[in-house]
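What follows is a single structure, written as structure tokens, with notes after it.
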Amino acid sequence: MENAIQQLIDREAIRDLRTLYAHHLDGNNIQALSEVFAADAVVEVTVGKMEGIEAIKSGLQEAFALYDRDNRRSFPFMHAITNHWIKLTGPDTAEGRCYLIDFETASKPDPNPLLLLGLYADEYKRINGEWRITRTRLEVVWPDRSNPEQVSGQTEGA
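Everything in the sequence shown is counted per this note's numbering, starting at 140 for the first residue and increasing by one.
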């Protein structure tokens, strides 16, 4: 029973990472992403591949600025994270996937607020008692698939 409770606690802590990511990125609190990613994390998203927390913060700050066309300094986009699947692979490691519905709130010629649909494929590790994302890859499903071979819909153990 204790093990089952600990697994539930771990899953919720891991799920919170993606929620924090969305709130920190969308709200332009980029420095707080250290609460989400490991110091040596690898992030692969639409704006490129970033390695290490400083490169991640710098790259995501640039992405934020790119979309903040109205210079509001917060919420030029909103990341809605859903359908989070988590598999604990060891006492301090896990992997998971979740859906991304990304809305663009800044003004633009196209009135459609939907920016993209995608899946995050994540790896997690408990470091000094805290869960962190160590690797993430965004697989874009719409409007254009980033890599059709990777977006198979197959999830081991699901």
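The C-beta atom is built at its ideal place from N, Cα and C for all residues, glycine as well.
Quiz item: In chain order, what residues of the same chain lie with their CB nearer than 7 Å to the CB of K226, ignoring the 5 residues before and after it?
Solution: Here K226 has A233, E234, G235, G296 as same chain residues with Cβ atoms under 7 Å from its own Cβ, once five neighbours each way along the sequence are excluded.
Quiz item: When DSSP builds the beta bridges, which residues end up paired with I225?
Solution: In the DSSP output, where bridge partners are listed per residue, I225 has G235.
Quiz item: Is the number of C-beta pairs between the stretch 175-184 and the stretch 208-223 that are closer than 8 Å three or more?
Solution: Because the criterion of three Cβ pairs below 8 Å is not met, the stretch 175-184 and the stretch 208-223 do not touch.
Quiz prompt | First and last residue of the uninterrupted beta strand (DSSP E) at P187 | solution = Checking the sequence shown, residue 187 turns out to be Gly, not Pro. For G187, the enclosing beta strand (DSSP E) stretches over residues 187-190.
Quiz item: Going by the CB atoms, is the gap between D261 and M159 shorter than 9 Å?
Solution: It is worth fixing the name first, because residue 159 is Leu in this sequence and not Met. When the beta-carbon positions are compared, L159 and D261 stay at least 9 Å from each other.
Quiz item: Which residue comes first and which comes last in the beta strand (DSSP E) that contains T273?
Solution: From DSSP, the beta strand (DSSP E) with T273 extends over 269-281.
Quiz item: Taking the alpha-carbon positions, what's the S246 to A204 distance?
Solution: Computed Cα separation, rounded: 14 Å.
Quiz item: Which partner residues of K264 appear in the DSSP bridge assignment?
Solution: In the DSSP output, where bridge partners are listed per residue, K264 has T232, R271.
Quiz item: Buried or exposed: P215, going by 16 or more other Cβ atoms within 10 Å of its Cβ?
Solution: By the neighbour-count rule (16 or more Cβ atoms within 10 Å), P215 is buried.
Quiz item: Which whole-angstrom value is the C-beta distance of Y259 and W270, which I expect to be below 8 Å?
Solution: Their Cβ separation, rounded to whole angstroms, is 15 Å, which puts Y259 and W270 out of contact at 8 Å.
Quiz prompt | Whole-Å CB distance - I300 paired with L256, under 8 Å assumed | solution = Because the chain in this structure spans residues 140 to 297, residue 300 falls outside the shown range and cannot be described.
Self-check item: Buried or exposed (CB count within 10 angstroms, at least 16 for buried), T273
Solution: Result: buried.
Quiz item: What distance in whole Å lies between the Cβ atoms of L147 and I169, which are believed to be in contact at a cut-off of 8 Å?
Solution: The beta-carbon separation of I169 and L147, rounded to 31 Å, does not stay under the 8 Å limit for a contact.
Quiz item: When the Cα of Q145 is compared with those of V279, G229, T275, which residue comes out closest?
Solution: When each option's Cα is compared against that of Q145, the closest is G229.
Exercise. Flag I195 as yes if its beta-carbon sits less than 9 Å from any beta-carbon of chain C, otherwise no.
Key: In the structure shown, chain C cannot be found, because there is only a single protein chain.
Self-check item: Bridge-paired residues (DSSP) for G257
Solution: In the DSSP secondary-structure assignment, G257 is bridged to L239, V279.
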